[in-house]
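*Asks:* Just so you know, the numbering used here puts the end of the sequence shown at 277, numbered straight through with nothing missing.
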Amino acid sequence: RTAVMAGLSGGGWTTTVYSALDRRITASIPIAGSLPLGIPDATRDYEQFLPGLYLDYLDLYLMASSDGHRQTQILNSHDVCCFKGVYSDLYREFAVEASRSLGGRFEVIVANRSEHSVPMREFLGTIQSLAESNSSLSHQ
138 RTAVMAGLSG GGWTTTVYSA LDRRITASIP IAGSLPLGIP DATRDYEQFL
188 PGLYLDYLDL YLMASSDGHR QTQILNSHDV CCFKGVYSDL YREFAVEASR
238 SLGGRFEVIV ANRSEHSVPM REFLGTIQSL AESNSSLSHQ
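(1) Determine the direct distance from the alpha carbon of Asp204 to that of Glu184, and round the result to whole angstroms.
(2) From the DSSP secondary-structure annotation, give me the bridge partner or partners of Leu145.
(3) Pop quiz: His293 and Thr163 are said to be a contact at Cβ under 8 Å. What is the actual Cβ separation, rounded to whole angstroms?
(4) Let's test the definition: count the other Cβ atoms within 10 Å of the Cβ of Glu259 and tell me whether it reaches 16, buried, or not, exposed.
(5) Based on Cα-Cα distance, which residue from Tyr228, Lys221, Ser238 lies nearest to Ser251?
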């Protein structure tokens, strides 16, 4: 059974955090919601620095994409607001390999755009991929 969670901006942040904590969420799609804390010059919102949240977002990505779970982070390359996808090369390879070693799947999709909105082509492609992988699993 697949439970998918997705969100944009603050909803993307919520998707990142919640899918790491609630194992019922088997696939998550945070959109323009966070970047690892070590990224230089990354614009951040208030929730990025909540007192008591002592994990880096990279830890949360891996928690959400381990043990058969999948997280697909979607970023806009030059987002006018925050969380620019051009920074994803700084952590993508590490996160993909670490997630794989933990039995999950993490990926980053960067849409070539500057709007702070859902890139529909990339989002719908991710949903289609989830549907196909879920269908193939149910036929095994």
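Just so it is clear, CB atoms sit at the ideal spot from N, CA and C, and this is done for glycine as well.
*Replies:* On the basis of the supplied data:
(1) 27 Å
(2) Ile168
(3) Given a span of 138 to 277 for the chain in the structure shown, any question on residue 293 remains unanswerable.
(4) buried
(5) Lys221
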